[in-house]
Amino acid sequence: LTKIYKTNKTRLRALASVDMDIMPGEFVAIVGTSGSGKSTLLSLLAGLESPSAGRIAIKGRGIHRMSEEQLVNFRLKHTGFVFQAFNLFEILTAQENVAFPLMAQGVGREERMERSKELLTLFDLKKHLHHKPKELSGGQQQRVSIARAIISNPDIIFADEPTGNLDSRTAHQIIGLLKDISIDKGTTVLMVTHDMRRAIYADRIIHIEDGRIVDMEDGGL
Ligand code: ADP
Ligand code: MG
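Quick note: the sequence shown uses the numbering used here, first residue 969, plus one each step.
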């Protein structure tokens, strides 16, 4: 996979011939310093951006060849995304945020609300169902956003620095939650982080530097 960003007169190669396989159910951490190309790699793998060269296959399907409409559907069905800045809808309650992806899948309102309530209860947020993001702590908001990412039972969760805005203890809880999801549900998890203390919980750690994979090691704490 190669990604070149062109701005005015400059060409910036954010990813240079990256080649990797990820097994179903694997929990993979992508680590590297700021600017090394981690977010670019994740955005390509998740089909949020298109590669300059190369191919991406998920469940045997070449997502680099899909039309925008096919991609949107594929993402809705098979993937969930968790961001550093949570990216929740500010005007929706926790429960409505989590229920949101189910709307695109045509699930009726009653079932949407029931399933999101169940999931938030599991995530210890039963008392916060009707709170808006602003009324929640960072750790609570990130739990809501993970619930939103997994409500539709995706095959893969992409998480870009999901603990970047959290204190150490809360960060630890969030990683534990992602790990539990990968073990209990067999969901594949791809997590980007610049922090080795978080990466160590993954099954495999991929080091990226200057747009290239420079090392791969086993994690598995
Ligand atoms: P990381 O997530 O590891 O911090 P990024 O993948 O965000 O790194 O960025 C890799 C490189 O690509 C950086 O030099 C960054 O400035 C550049 N870059 C990222 N996104 C864009 C963009 N949309 N346009 C131009 N350059 C970009
Ligand atoms: Mg980044």
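Here a beta-carbon is modelled for each residue, glycine too, at the ideal position from N, C-alpha and C. Computed from a predicted structure; not experimentally measured.
Asked, Found
"Please classify Y1169: is it buried, with 16 or more other beta-carbons within 10 angstroms of its beta-carbon, or exposed?", "buried"
"Pick helix, strand or coil for K1161, following the three-state DSSP scheme.", "First, the amino acid is wrong: residue 1161 is Thr here, not Lys. Strand."
"So is S1007 buried or exposed if we call it buried at 16+ other beta carbons inside 10 Å?", "buried"
"Any heavy atom of the ligand ADP closer than 6 angstroms to the beta-carbon of S1002?", "yes"
"To the nearest whole angstrom, what separates the beta carbons of K971 and L1012, a pair I think is in contact under 8 angstroms?", "6 angstroms"
"Please determine, among E1058, H1046 and M1184, the residue with the shortest C-alpha to C-alpha distance to H1098.", "E1058"
"Between which two residues does the alpha helix (DSSP H) harbouring F1068 extend?", "A1062 to A1072"
"Give the list of continuous beta strand (DSSP E) stretches no shorter than 3 residues that lie fully inside the stretch 995-1076.", "995-999 and 1047-1050"
"Relative to the C-alpha of H1162, which residue among E1129, Q1052 and V1050 is closest?", "E1129"
"Starting from the Cα of I1181, find the closest Cα among K977, E994, M991 and V999 and give me that residue.", "V999"
"Measuring CB to CB, does G1179 end up less than 7 angstroms from A984?", "yes"
"Using a threshold of 6 angstroms, is the CB atom of G1005 nearer than that to any non-hydrogen atom of the ligand ADP?", "yes"
"Going by C-alpha distance, which of M1164, I1119 and D1186 is nearest A1067?", "I1119"
"Under DSSP, the beta strand (DSSP E) around A984 begins and ends at which residues?", "Where A984 is concerned, there is no enclosing beta strand (DSSP E), given that its DSSP letter is neither H nor E."
"Is it buried or exposed for T1001, if we count other Cβ within 10 angstroms and need 16 for buried?", "exposed"
"Flag this pair as yes or no: are the beta carbons of F1126 and R1111 separated by less than 7 angstroms?", "no"
"Could you tell me if M991 is buried or exposed, where buried requires 16 or more neighbouring beta carbons within 10 angstroms of its beta carbon?", "exposed"
"Judging by CA-CA distance, which residue of T1156, T1138 and P1019 is the nearest neighbour of A935?", "Outside the shown range of the chain (969 to 1189) lies residue 935, about which nothing can therefore be said."
"One question on the structure: do I1124 and T1061 come within less than 7 angstroms of each other, judged by their Cβ atoms?", "no"
"Since I believe G1028 is in contact with G1154 (beta carbons under 8 angstroms), could you give me their beta-carbon distance rounded to a whole number of angstroms?", "Actually they do not touch by this definition, with Cβ atoms about 17 angstroms apart."
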